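*Asks:* Please see the structure below; I have some questions.
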Amino acid sequence: MPKFPVIVMVSGHFDPLHDGHLSYLKQAIAHGDAILCVVSSDAQLMMKKGNVNIPQRGRSNIVRLILEGMRVLNVVVVNQWDKETTLVAEALRVLKPAVFFRGGDKTIEDMPPEERQVCDELGIEIRHAVLEHDRHGARMVV
């Protein structure tokens with residue numbers, strides 16, 4: 001019987017990309033065979049941060065190149081959902097990864113209820129990166 005790859009979903013703004021993001025992606029790779037990366041759209045960044053440093057196409061291309069350099073099977077998409085529910089919850093529901101890997105700055109307690117509910121309903125494992133502190137703070141990669 002063929003073994004299907006374990007797909008790990010990550011998500012983020014990646015604007016600007018910094019060394020914390022690199023650690024996050026590297027840790028995610030250890031939890032599966034392929035990475036599905038959902039990059040926030042420019043509209044999402046405007047809603048959340050009020051500005052865009054690197055347009056969504058550039059951010060998704062940069063993440064794709066980094067994952068290719070890490071020699072991992074990957075798919076990078078820009079999140080286009082714009083409903084009131086959390087956008088990541090919609091992506092989880094549609095894309096159905098085996099693992100949802102969250103950033104090291106996140107906890108299970110601060111996980112939006114919609115995301116947790118989708119993971120519970122679909123049997124998606126929730127994992128968190130280990131936050132690696134740098135005495136100089138996060139350094140920008142791009």
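First residue of the sequence shown? That's 1 in UniProt numbering, and the numbers climb one at a time after it. C-beta atoms are modelled at their ideal positions from N, C-alpha and C, and glycine is treated no differently. Remember, it's a predicted structure, so these values are computed and weren't measured experimentally.
#1: Any chance you could list the alpha helix (DSSP H) runs of at least 4 consecutive residues sitting entirely within the UniProt domain "Cytidyltransferase-like" (10–109), in chain order?
#2: Rounded to whole angstroms, how far is the Cβ of Ile54 from the Cβ of Pro97, which I believe are closer than 8 Å?
#3: Specify whether the stretch 108–128 and the stretch 37–55 touch according to this definition: at least 3 beta carbon pairs, one from each stretch, less than 8 Å apart.
#4: Got a sec, what are the start and stop residues for the beta strand (DSSP E) Glu125 sits in?
#5: Measuring only the C-alpha atoms, how far is Arg64 from Arg127?
#6: In this structure, does DSSP put Val6 in helix, strand or coil?
#7: Considering only the alpha carbon of each residue, which of Gly12, Tyr24, Asp120 and Asp33 lies closest to Val72?
#8: Output the distance between the C-alpha atoms of Gln117 and Val10, rounded to the nearest integer angstrom.
#9: Would Ile66 and Leu22 be called neighbours here (beta carbons separated by less than 8 Å)?
#10: Can Asn79 and Leu87 be called in contact, C-beta distance under 8 Å?
#11: Only counting the same chain, and skipping five residues up and downstream in sequence, which positions put a Cβ closer than 6 Å to that of Tyr24?
#12: I need the straight-line Cα distance from residue 143 to Gln27, nearest angstrom please.
*Replies:* Let's see:
#1: 19–29, 42–48, 56–69 and 87–95
#2: In the sequence shown, residue 54 corresponds to position 54, counting from 1. In the sequence shown, residue 97 corresponds to position 97, counting from 1. The Cβ separation is near 25 Å, so there is no contact.
#3: no
#4: By one-based count along the sequence shown, residue 125 stands at place 125. Where Glu125 is concerned, the enclosing beta strand (DSSP E) stretches over Glu125 to His128.
#5: Position 64 of the sequence shown, counting from 1, holds the residue named residue 64. Position 127 of the sequence shown, counting from 1, holds the residue named residue 127. If I take the Cα positions, the gap works out to 21 Å.
#6: On the sequence shown, position 6 is the one that residue 6 refers to. Note: Val6 maps to coil in three-state DSSP.
#7: Counted from its first residue, the sequence shown places residue 72 at position 72. Considering only alpha carbons, the answer is Asp33.
#8: Here residue 117 refers to the residue found at position 117 when the sequence shown is read from its first residue. Here residue 10 refers to the residue found at position 10 when the sequence shown is read from its first residue. So the alpha carbons of these two residues sit roughly 17 Å apart.
#9: Within the sequence shown, residue 66 is the residue found at index 66, counting from 1. Within the sequence shown, residue 22 is the residue found at index 22, counting from 1. With respect to the 8 Å criterion, Ile66 and Leu22 are classified as neighbours on the basis of their beta carbons.
#10: As a first step, residue 79 is located in the sequence shown; it is residue number 79 there, counting from the start. As a first step, residue 87 is located in the sequence shown; it is residue number 87 there, counting from the start. Cβ atoms of Asn79 and Leu87: closer than 8 Å.
#11: Counting from 1 along the sequence shown, the entry for residue 24 is found at position 24. Closer than 6 Å at Cβ, skipping near neighbours: Gly103 and Ala129.
#12: With the chain covering 1 to 142 only, the question about residue 143 has no answer from this structure.
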